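Just so you know, the protein sequences line up as chains A and B, in that order.
Numbering (my numbering) for the first sequence: 16 to 301.
Numbering (my numbering) for the second sequence: 16 to 301.
Number of protein chains: 2
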Amino acid sequence: MINTSTCVYGVIGYPIEHSLSPVLHNWFMSNYKLNAVYVAFNVHPSELKNAIKGGSALGVIGLNVTIPHKEALLGLVDEKDRDVKLVGAINTLELNAGKIQAHVTDPYGFTESLGQRKYWFKNAEVLLLGAGGAAKSVVYALEKLDVKKIWIYNRSAQRLRAFLDFCHNALTVSKVQAIDRKQLNDIAFDCKIIINTTSAGMYPHTGESLLRSDVFHDAHFVYDLVYNPEKTKLLLDAEHKGATIQNGIDMLIFQGLESLRIWTKQPLRLEAPKLKKIRHILQSRL
Amino acid sequence: MINTSTCVYGVIGYPIEHSLSPVLHNWFMSNYKLNAVYVAFNVHPSELKNAIKGGSALGVIGLNVTIPHKEALLGLVDEKDRDVKLVGAINTLELNAGKIQAHVTDPYGFTESLGQRKYWFKNAEVLLLGAGGAAKSVVYALEKLDVKKIWIYNRSAQRLRAFLDFCHNALTVSKVQAIDRKQLNDIAFDCKIIINTTSAGMYPHTGESLLRSDVFHDAHFVYDLVYNPEKTKLLLDAEHKGATIQNGIDMLIFQGLESLRIWTKQPLRLEAPKLKKIRHILQSRL
């Protein structure tokens, strides 16, 4: 029952109606027996500053931030953690006694979503599809997982060049290499790990995939950050050839959990049966 | 289940921990099957402006306002309804497309809390104890109930004079008359209706009453705006002599319901069995 001690958390986006975060976090609140609610705030970009200052004035403890605010926020916060400075994006705000601290939990969420599969990354060659905001977090996480090489493909060559500059200069990751359309499928065949960070294959464009369906084999681990549909064409093609596949729902869950750990300062754990449960709840909402 | 369509409402105060509004309104949300949550915001007076602007930016639809903000808000809103202009206080904000509209539902809450007893007020003489913010709303309501005369007693004579000026000038109610300590108990005996708007008798000062215990009789209707304890010394004394008594819990309920009607534009009704239920829930929270 909500009372005057109930803590308020929320997610800010525009539009916000497709966010799964309220369902995810209210499940967390119930699972961890926290006296808290988590709501969605539809905030127009022109109102972003008022919303953040106002959330702080209202005593809101934590906010997640999603499209289109993740980068615009960089100029509005008081403190950035190390990951935010490196990745250049924010997805979590901690509002504390008038001070606004920024965090990014996407890299952490990616790594924790791998579970024991994270050991597959050491010295592996990885093909990364996409050069947007999500790709930044993934490259940052891959560097920490000690991969050998990251090949990157992006449909827009201009954006790809900017992304490579970012990897070299901001992240100081040197093991990235851009590839073009002609090299793409050969390199996909050779890499043990393929990660899609683009929206190709996402609902309603469920017929799309950046890779040819015959490049997959059973030594592949194919990770698609998309989770709607549950299996994109990329994942279906890969599964058909015996590859191990994973969609983006666990990353969503673990980036959210890491936000909640930051807000509550509690070492919250999510055991396999519980993970399965919330994964099922979220998939049923799509 | 909270989702991205869930509307957010709340109450702003400082301190806020004793407010019953979250329990009351979340019961309303459930009773009326509204997809909404209502939370408590602890807002320091220096942050009031940021909180209101921020609530608006965040897409919060409605806010209640309580001590100490009810009067400070007058300069911060865009539009005031007629009752706010007359009573000079705000307890309800409607946040709508960047515009902040102010309402006061206390007078309405008082009148609706009377139920059929409201017919007892026509041409009656009323003794009003207190000259604070609550007394303003009650005098305004009494005028509409067509009482014959309002006798007013207040411990601070200076505040009483200011209150009389307010009644004459702002409310244009001329049937008010100040009385002093010496006249108090005789007038209490003669008036059919006695209303306490002071904090005398409120927890933890439960031994206090402004009236002598022998002035009551069975033709009295004694209304105490205090609801903690459920029966103040004033009400116990009156009940002991056979008077009809009422505490402030129904006024709390109906001022809240009126706020919700303003926010939702729905003609929400509260039938007797439901009223009894929420009254019981609130009393059990004290």
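The beta-carbon is built from N, C-alpha and C at its ideal position, and this holds for glycine as well.
Note that the structure is predicted; figures quoted are calculated from it, not measured.
Following the continuous alpha helix (DSSP H) through residue i, name the residue where it begins and the one where it ends.
i	result
B:V119	Neither: B:V119 is in no alpha helix (DSSP H) and is coded neither H nor E.
A:K291	287-299
A:I107	The displayed chain sequence assigns Thr, not Ile, to residue 107 of chain A. Where A:T107 is concerned, there is no enclosing alpha helix (DSSP H), although the beta strand (DSSP E) it sits in stretches over 107-111.
A:I17	First-last for A:I17: undefined, no H or E at that position.
B:I165	Not the alpha helix (DSSP H): B:I165 falls in the beta strand (DSSP E), residues 164-168.
A:A72	63-73
A:Q198	196-205
B:M217	From DSSP, B:M217 is part of no alpha helix (DSSP H); its letter is neither H nor E.
B:H183	172-184
A:V153	148-159
A:R97	97-102
Taking only beta-carbon positions, decide if residue i is within less than 7 Å of chain A.
i	result
B:K151	no
B:I296	no
B:S274	no
Can a CB atom of chain B be found closer than 7 Å to the CB of residue i?
i	result
A:T279	no
A:S61	no
A:S189	no
A:A34	The sequence given here places Ser at residue 34 of chain A; Ala does not occur at that position. True, the Cβ-Cβ gap to chain B drops below 7 Å.
Identify the continuous beta strand (DSSP E) that holds residue i and give its terminal residues.
i	result
B:N79	77-80
A:L143	140-144
B:F56	51-57
B:F236	236-239
B:V191	191-193
A:Q261	259-261
A:N41	First-last for A:N41: 36-46, but that is the alpha helix (DSSP H), not the beta strand (DSSP E).
A:I208	208-211
Could you tell me the distance, in whole angstroms, from the CA atom of residue i to the CA atom of residue j?
i	j	result
A:A55	A:G124	21 Å
B:T221	B:Y242	11 Å
A:S189	A:T107	28 Å
B:A309	B:G130	The structure shown does not extend to residue 309 of chain B, since chain B is modelled only from 16 to 301, so the question has no answer here.
A:F178	A:A146	6 Å
A:H295	A:G271	16 Å
B:W278	B:A156	22 Å
A:L175	A:E62	31 Å
B:N46	B:R300	18 Å
B:K48	B:R284	13 Å
B:K246	B:L226	15 Å
A:E254	A:I293	23 Å
B:N211	A:N41	43 Å
B:E286	B:K280	19 Å
B:G257	B:E32	36 Å
B:S228	B:A112	53 Å
B:F269	B:V52	18 Å
B:Y24	B:V75	6 Å
B:L89	B:L101	12 Å
A:G148	B:G28	40 Å
B:R132	B:S71	39 Å
B:I82	B:N57	11 Å
Can you round the beta-carbon distance between residue i and residue j to whole angstroms, since I take them to be within the 8 Å contact cut?
i	j	result
A:D121	A:S152	4 Å
A:D93	A:H118	Incorrect: roughly 12 Å between the Cβ atoms, too far for contact.
B:P30	A:T21	Not really, about 15 Å apart at Cβ, beyond 8 Å.
B:K137	B:L160	7 Å
A:N79	A:V154	Contact flag wrong, Cβ pair sits at about 22 Å.
B:A193	B:I167	6 Å
A:P60	A:A104	Wrong, their Cβ atoms sit about 15 Å apart, outside the cutoff.
B:L249	B:S224	4 Å
A:A139	A:K163	6 Å
B:L110	B:G77	7 Å
A:I165	A:L143	6 Å
B:M217	B:S128	With 8 Å as the limit, B:M217 and B:S128 do not qualify as a contact, their Cβ atoms being about 18 Å apart.
Please list, in chain order, the residues of the region 66-79 of chain A that have any C-beta partner in chain B closer than 7 Å. A66, K68, G69, G70, A72, L73, G74
Proximal residues, the region 97-124 of chain B versus chain A, C-beta separation under 9 Å: G113
Taking any Cβ of chain B, which residues in the region 38-56 of chain A have a Cβ under 8 Å from it, in chain order? Going along the region 38-56 of chain A in chain order, one finds V38, N41, V52, Y53, V54, A55, F56 with a Cβ nearer than 8 Å to chain B.
The region 16-31 of chain A: positions lying closer than 8 Å to chain B by Cβ: From the region 16-31 of chain A, only M16, I17, N18, T19, S20, T21, V23, G25, I27, I31 have a Cβ closer than 8 Å to chain B.
Taking beta-carbon pairs under 9 Å, can you tell me which members of the region 153-165 of chain B lie near chain A? none
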